[in-house]
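Please read the structure below before turning to the comments.
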Amino acid sequence: MPASASPAATGTAAKAAGSGTSGVGTNGGGAATAALPAGAREVVRYAVPIASYPALLTQAMAAKYRPVSLDGYDVGGATYVNAVFRPSDGTAWYQYIEMSASGYQSRFDSLKSQGYRLASVESYLHSGQIRYAGIWVKSSGPDYYAFHAYSATDYQKMLDTKTAAGYLPENVSAVAPGGVLSYTGLLVKRSLGNWILKSTLSPTDYQTLFNQETKAGLAPAYLDAYTSGGTVRFIALFASVPKVSYQAQHGMTASQAASVTTTREKSGYLTGSAAGYDDGGQARFLVYWSH
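Residue numbers (full-length UniProt numbering): 1 to 291.
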């Protein structure tokens, strides 16, 4: 059974159902007011101020897209998001942002009772407080387990237990207010073949792991980033299933991430993860694309 454990603020909400067509998209950074292209295979926006996201979501809905992932991060005390939209396909969905732990739990329970399943969850800091964002879809699927506000010790115990039962990582995020780690994520009962998940990697250690695992035939399956005590940390999941072609890059500026994303799209790639982080007071981005 799906569950979310842990400990009220309400979030920003939207619901829609529709359909879209396919094409090649254009991507940009920061400007939530720029018109979204119609008929793209995906639209990605980097470095959107959190207060501007509701307007961007409204534009996406008007252009017949729905959100599939949202990454939140803070730089110099300001909070931003990266958003990935794909064509609406008739699936009913809800998205909420800016939720407290109790607010998120309330939304989770309410939407579960209405037949919605969690598709993505993210934690981030806003004004020093942990906030949550989630996307729910009304569709069938395998069993899953959602968790939030787990300490590092509780997270590892839960992960060991659940993965032994066949619940494998879909997405995991972390924040560290005051240097204390808090984990949030989603596990799904599925197969990843050979896989490895690390959640406290330095950028150098991430590159070493990337080289090692891709040489062994694994591909990036999820990436995220956070800052703990002023130190950048990456979360990385690599898996051998499904077999995909992939590209990954980190240390990019918002404009570089947007430009590379557009180039990758033209070669048939879609964005798997788009993570922002604070690197010495500057926003940097960790992204992978696959097809």
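C-beta: ideal position from N, C-alpha, C; glycine also.
Could you check the C-alpha separation between Arg117 and Thr253 for me, to the nearest Å? Taking the sequence shown and counting its residues from 1, the one referred to as residue 117 is at position 117. Taking the sequence shown and counting its residues from 1, the one referred to as residue 253 is at position 253. Those two C-alpha atoms are separated by around 34 Å.
Quick check on DSSP: helix, strand or coil for Tyr116? Numbered from its first residue, the sequence shown carries residue 116 at position 116. Note: Tyr116 maps to coil in three-state DSSP.
Does the region 36-47 come close enough to the region 257-268 to have 3 or more Cβ pairs within less than 8 Å? yes
Under the three-state DSSP convention, the category Ala60 falls into: In the sequence shown, the residue the question calls residue 60 occupies position 60. Helix.
Just the Cα atoms here: how many angstroms apart are Gln282 and Val75? The residue you call residue 282 lines up with position 282 of the sequence shown. The residue you call residue 75 lines up with position 75 of the sequence shown. Approximately 7 Å between the Cα atoms of the pair.
Can you tell me which of the three DSSP states Gly179 falls into? As a working mapping, residue 179 is identified with position 179 in the sequence shown. Looking at Gly179 - three-state DSSP - the assignment turns out to be helix.
Three-state secondary structure (DSSP) at Gly103? Residue 103 sits at position 103 when you count from the first residue of the sequence shown. Gly103: helix per DSSP, three-state reduction.
Should Ala133 go down as buried or exposed, given a rule of 16 or more other Cβ atoms within 10 Å for buried? Here residue 133 refers to the residue found at position 133 of the sequence shown. Under this definition Ala133 is a buried residue.
Is it a yes or a no for the region 173-184 touching the region 108-127, going by three-plus beta-carbon pairs under 8 Å? yes
Output needed for Ser69: all residues of its chain with C-beta closer than 6 Å, excluding positions within five of it in sequence on either side, in chain order. Against the sequence shown, residue 69 aligns to sequence position 69. Closer than 6 Å at the Cβ level, and outside the excluded window around Ser69, lie Val84, Ser120.
Segment contact flag, the region 233-252 with the region 159-173, C-beta cutoff 8 Å, min 3 pairs: yes
What does the Cβ neighbour count give for Asp109, buried or exposed, with the cut at 16 atoms within 10 Å? Within the sequence shown, the letter at position 109 stands for residue 109. Label assigned to Asp109: exposed.
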